[in-house]
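*Asks:* Can you keep this structure in mind? I'll have questions shortly.
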Amino acid sequence: MSRRAAPLRERRSQAERTAETRARIIDAVVESIAEVGYPRTTAAEIAKRAGVTWGAVQHHFGGKDGILDAVLEHSFGRFAALVGPAEVAQGRLADRVSLFVERAWEHFSSPTYHSTFQILLHDAGEAGDAGTPWQHTMRDSFEEVWRACFGEEVPRPKGRFALQHYTISVLTGLAAMQRLSGGVVHDPQVELDWLERTLVRELGAR
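The numbering used here numbers the first residue of the sequence shown as 9 and each following residue consecutively.
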């Protein structure tokens with residue numbers, strides 16, 4: 009009886025292998041910070057979780073600062089990809105706000121944002137009152153997505169910034185409270201509904 013030849017594996021390009029390794033390292037950092045916290049996310053911990061050597065991490069990112077920067081870029085890109093699609097910017101204001109809050113909560117309640125927040129807290133503690141470039145980048149990223157969703161209902165700059173700050177504060181606070189609940193299940197829908205109503209009222213009152 010003749011043996012059937014095993015199907016040939018499709019060979020990945022060097023660029024594909026590089027992208028896969030980088031993604032695995034970024035996922036390892038996000039997972040580690042979410043599970044054991046920022047201080048315990050060491051070089052050894054990152055390499056172990058990613059299944060690579062620390063030398064490989066350095067090759068791709070240049071060291072811990074480089075990988076943390078990559079995690080932040082990944083987080084901002086994930087938020088824009090979730091909230092920025094065209095369907096969020098179409099239809100009635102109430103529908104847009106509802107979809108915006110739903111997608112934003114998906115991001116803010118994720119391990120990715122939890123890790124992002126811990127990195128930003130650490131950077132802010134080191135930077136002092138001046139703030140960090142990444143804090144400005146986060147605000148710019150949020151502003152870009154906000155304008156894409158609510159371009160026609162954008163209040164004056166001061167009011168817009170306050171409303172964005174309020175939105176980030178509510179979503180971050182809800183995510184933090186969920187993590188502090190000690191495993192107690194809490195459905196945040198009531199608070200998210202309040203956020204939706206506030207945004208509809210304030211954006212509609214321009």
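Every residue gets a Cβ at the ideal spot worked out from N, C-alpha and C, and that includes glycine.
Measuring alpha carbon to alpha carbon, tell me which residue in Ala64, Gln172, Gln98 and Ala89 is nearest Glu28.
*Replies:* If you number the sequence shown from 1, residue 28 lands on position 20. With respect to the C-alpha of Glu28, the residue from Ala64, Gln172, Gln98 and Ala89 having the closest C-alpha is Ala64.
*Asks:* Comparing alpha-carbon positions, which option in His122, Pro141 and Gln98 lies nearest Leu182?
*Replies:* Position 174 of the sequence shown, counted from the first residue, corresponds to residue 182. Taking only the C-alpha atoms, the option nearest Leu182 is His122.
*Asks:* Quick check on DSSP: helix, strand or coil for Val60?
*Replies:* Here residue 60 corresponds to residue number 52 of the sequence shown, with the count starting at 1. Three-state result, Val60: coil.
*Asks:* Is it a yes or a no for the region 84-93 touching the region 33-51, going by three-plus beta-carbon pairs under 8 Å?
*Replies:* no
*Asks:* Is it the case that the region 99-109 contacts the region 56-75, given that we only count it when at least three CB pairs across the two stretches are under 8 Å?
*Replies:* no
*Asks:* Go through its chain and collect everything with a Cβ distance to Gly159's Cβ below 8 Å, but skip five positions before and after it.
*Replies:* Residue 159 sits at position 151 when you count from the first residue of the sequence shown. Contacts found: Ala97.
*Asks:* Measuring straight from C-alpha to C-alpha, what distance separates Ser40 and Phe169?
*Replies:* In the sequence shown, residue 40 corresponds to position 32, counting from 1. In the sequence shown, residue 169 corresponds to position 161, counting from 1. Their backbone Cα atoms lie some 32 Å apart in a straight line.
*Asks:* Using the three-state DSSP reduction, which class does Arg20 fall into: helix, strand or coil?
*Replies:* The sequence position of residue 20 within the sequence shown is 12, counting from 1. The answer is coil: DSSP assigns Arg20 none of H, G, I, E or B.
*Asks:* To the nearest angstrom, how far is it from the Cα of Gln66 to the Cα of His194?
*Replies:* The count along the sequence shown starts at 1 and reaches residue 66 at position 58. The count along the sequence shown starts at 1 and reaches residue 194 at position 186. When rounded, the separation of the alpha-carbon atoms in Gln66 and His194 is 40 Å.
*Asks:* To the nearest angstrom, report how far apart Thr220 and Glu199 are at their CA atoms.
*Replies:* Given that the chain is displayed from residue 9 to residue 214, the structure contains no residue 220 and the question cannot be resolved.
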